[in-house]
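Just below is one structure, and these are the notes that go with it.
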Amino acid sequence: MAVIESTISPSSATFQANRDGMLALITRMRALEERARAASAAAKDRFHKRGQLLPRERVALVLDPGSPFVELSTLAGYMFDVPDAEKSVPGGGVIAGIGFVSGIRCMVSANDSGIDAGALQPYGLDKTLRVQELALENKLPYVQLVESAGANLLRYRVEDFIRGGNIFRNLARLSAAGLPVVTVTHGSSTAGGAYQTGLSDYIVMVRGRTRAFLAGPPLLKAATGEIATEEELGGAEMHTSISGLGDYLAEDDRDALRIARDIMANLEWDRPKPAALSFKPPRYDAEELLGIMPMDHKRPVDMRQAIARFVDDSDFTEFGANYGPATVCGHARIEGQAIGIITNNGPLDVPGANKATHFIQACCQSRTPLLYMNNTTGYMVGRAYEEAGMIKHGSKMIQAVTSATVPQITIYCGASFGAGNYGMCGRGFHPRFCFSWPNAKTAVMGGEQAAETMAIVTEAAAARRGKPIDKEKLEAMKAQITGVFDGQMDVFSTSARVLDDGVIDPRDTRSVLAEVLAICREADARSPQRMQFSVARP
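Residues in the sequence shown are numbered from 4 upward in steps of one, following the numbering used here.
Put into structure tokens, the structure is as follows:
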């Protein structure tokens, strides 16, 4: 055993300051999530009056009671719907996450039709594409609860229309991969969105509520002069009895969700069985994770202290501890599941990059999933480091990350700057899952460094031209650059852009990692022969 000894002092002023800062960020995050829930719940009377359930009520009913649900990208689109921090509603108009339906682990996605009738919100497209990608990569059946007014024509952008085709392509890919797509169409599914219903393997429609047509009555009349009611044109009874689009006719939302659960229950699909693994919880309280990470990314932190609070028995077998010590690598377990961990106690140097490369390759050899805990300002710079081959050895590390054959999971824990973001399997390197702690910062460099760099360049250019420097303008430029960088690097900005899969409370790290490791293990164990057929619709 190699138990990490605790070196933190929970009663210290530093710990308390870190804890207060982290709690303030968590409070802000939860308040934004609650704002989205409240905005949707404001439609409760209207929904219930017409016999419908709210979107979150639908999600709750389709999931197995008491089962874990990993909700994804709750901050998507924050500040992009309206540029007012006090009024913006995050979530992208989509509720999505991984949970259990009739004992089967699934990706569940629901239009949040309590907000703008389910019209896609800013970054809702990116969120939907990401959850579809996760379903494909992790071999998860896809359950979607559809009720959407479609694209918001007042915010029409041609690129969203073009990229939006990927939603339908991915539904076809899921089905072709043998991953059932089960759809409950609770309300509107119109125009291009009709294919969200049509490209499903099993379709449940609700009497008197479902509407699926390529052109609604107003457009139909404008285009052809034909007059038809919504029910005649695309109602549930027509589609389940005449067109054949719908497979099941439900009486109301509850009945529709019951049918969806029955469909899943009758699938010949492997139900995950609890792994027969014995393990001990961490020796230290997860609450202490709140006070470990400094709010200022320039302040040092020993990431082993964070590891000790979420791995089994706080047992961490460090790899190459004396070589490149600022890069920490080692083996641990989470709820009995093996994992290799790479993290940073400072910038990545040549020995650290070489050690990480070796460790990644060793984990691939032993089929051990990898966890990257980002806390680095990047690769070391300077003449000595360039001569030592920093680019060459950093590139080898990036190559190892890119070529890894095991699931890779990334958590942004502190800074993730420059090429360090790439070497530590940042979002651009397609980790299987990518989460952030609320204090994380992600950028090409710090705002002050960017501003100082441009100041030096500007001064050098002026000197070449033989012109004096306007110090006031130079300071204004530096302030503007710092503001741009600082305004985009925190998680409320990056997660809004779906540059991670969600922000998690550090105290939930162990439970989240246990779930995603189980998801990865089940996906890798799923027989390829079971993944090659799709349902052929008549």
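C-beta: ideal position from N, C-alpha, C; glycine also.
Residue i, buried or exposed, once every other Cβ within 10 Å from all chains shown has been counted against 16
i: Asp-508; result: buried
i: Met-534; result: At Met-534, the pLDDT of 49 sits below 50, so the modelled position is not reliable; the number obtained from the coordinates is stated separately. By the 10 Å Cβ count, Met-534 comes out exposed.
i: Lys-52; result: exposed
i: Pro-303; result: exposed
i: Phe-164; result: exposed
i: Ile-206; result: buried
i: Ser-246; result: exposed
i: Ile-344; result: buried
i: Val-6; result: exposed
i: Lys-2; result: An answer regarding residue 2 cannot be provided, because it is not within the stretch 4 to 541 covered by the chain.
i: Leu-502; result: buried
i: Ser-12; result: exposed
i: Ala-539; result: Caution applies to Ala-539, whose pLDDT of 48 falls short of 50 and renders its modelled position unreliable; the value that the coordinates give is listed next. Classification of Ala-539: exposed, given that the 10 Å Cβ count is below 16.
i: Pro-350; result: buried
i: Ala-494; result: Inspection of the sequence shows that residue 494 is occupied by Val rather than by Ala. Burial call: buried.
i: Ile-107; result: buried
i: Ala-122; result: buried
i: Arg-307; result: buried
i: Ile-230; result: exposed
i: Leu-358; result: The identity of residue 358 in the sequence shown is Lys, whereas the question assumes Leu. Lys-358 is buried by the Cβ-count criterion.
i: Ile-29; result: buried
i: Asn-325; result: exposed
i: Glu-475; result: exposed
i: Ala-443; result: buried
i: Pro-471; result: exposed
i: Thr-200; result: buried
Paired residues, beta bridge with residue i - DSSP
i: His-334; result: Thr-320 and Gly-343
i: Asn-114; result: Val-97
i: Ser-439; result: Tyr-415 and Val-506
i: Thr-77; result: Its beta-bridge partners do not exist; DSSP assigns none.
i: Arg-214; result: Ser-191 and Gly-238
i: Asn-378; result: The partner list for Asn-378 (beta bridge, DSSP) is empty, contrary to what the question assumes.
i: Gly-102; result: Cys-109
i: Tyr-205; result: Val-185
i: Leu-128; result: None; Leu-128 has no bridge partner.
i: Val-6; result: Asp-318
i: Asp-493; result: Lys-444
i: Val-85; result: DSSP lists no partner for Val-85.
i: Gln-147; result: Ser-112 and Thr-186
i: Leu-252; result: Met-208
i: Leu-222; result: Paired residue(s): none; Leu-222 is not in a bridge.
i: Phe-420; result: Ala-446
Residue i vs residue j beta-carbon contact at 9 angstroms
i: Ala-479; j: Gly-426; result: no
i: Val-85; j: Ala-39; result: no
i: Gly-117; j: Ala-34; result: no
i: Val-506; j: Met-32; result: yes
i: Asp-438; j: Asp-504; result: Sequence check: residue 438 is Phe here, not Asp. Yes, they are a contact pair.
i: Ser-76; j: Gly-95; result: yes
i: Met-296; j: Cys-416; result: yes
i: Pro-410; j: Asp-527; result: yes
i: Leu-148; j: His-189; result: yes
i: Phe-420; j: Thr-380; result: yes
i: Pro-372; j: Ile-401; result: no
i: Ile-98; j: Val-62; result: yes
i: Leu-520; j: Ile-337; result: yes
i: Glu-240; j: Arg-210; result: yes
i: Ile-522; j: Asn-141; result: yes
i: Tyr-382; j: Gly-323; result: no
i: Leu-139; j: Arg-176; result: yes
Closest Cα partner of residue i within the set the options
i: Asp-129; options: Ala-79, Gly-121 and Ala-42; result: Ala-79
i: Ser-496; options: Thr-445, Thr-17 and Gln-483; result: Thr-445
i: Asn-173; options: Glu-162, Leu-202 and Val-185; result: Leu-202
i: Gly-333; options: His-361, Val-353, Gly-349 and Leu-351; result: His-361
i: Gly-238; options: Lys-224, Glu-229, Gly-228 and Glu-254; result: Glu-254
i: Ala-418; options: Arg-61, Gly-429 and Ala-465; result: Gly-429
i: Leu-270; options: Asp-87, Thr-188 and Gly-181; result: Gly-181
i: Thr-330; options: Phe-319, Asp-352 and Gly-392; result: Asp-352
i: Tyr-126; options: Arg-158, Thr-320 and Gly-54; result: Arg-158
i: Pro-284; options: Ala-42, Tyr-375, Ala-465 and Ala-517; result: Ala-517
i: Glu-150; options: Tyr-287, Met-376, Asp-119 and Arg-160; result: Asp-119
i: Leu-37; options: Thr-461, Glu-390, Pro-68 and Lys-90; result: Note that residue 37 is Glu in the sequence shown here, rather than Leu. Answer by Cα proximity: Lys-90.
i: Ala-268; options: Pro-144, Arg-160 and Phe-171; result: Pro-144
Cβ-heavy atom distance, residue i to the ligand SAM, below 8 angstroms
i: Lys-444; result: Ligands are entirely absent from the displayed structure, and the ligand SAM is therefore not among its contents.
Notebook entry, point to check: Does the stretch 69-83 touch the stretch 99-115, meaning 3 or more C-beta pairs lie closer than 8 angstroms?
Noted result: yes
Notebook entry, point to check: Do the stretch 214-224 and the stretch 261-272 make contact, defined as three or more Cβ pairs closer than 8 angstroms?
Noted result: no
Margin query: Is it the case that the stretch 185-202 contacts the stretch 141-156, given that we only count it when at least three CB pairs across the two stretches are under 8 angstroms?
Written below: yes
Next item on the list: Determine, using beta-carbon pairs with one atom in the stretch 448-458 and one in the stretch 474-490, whether at least three such pairs fall under 8 angstroms.
Entry: yes
Check: Do the stretch 310-327 and the stretch 283-293 meet, that is, are 3 or more Cβ pairs less than 8 angstroms apart?
Finding: yes
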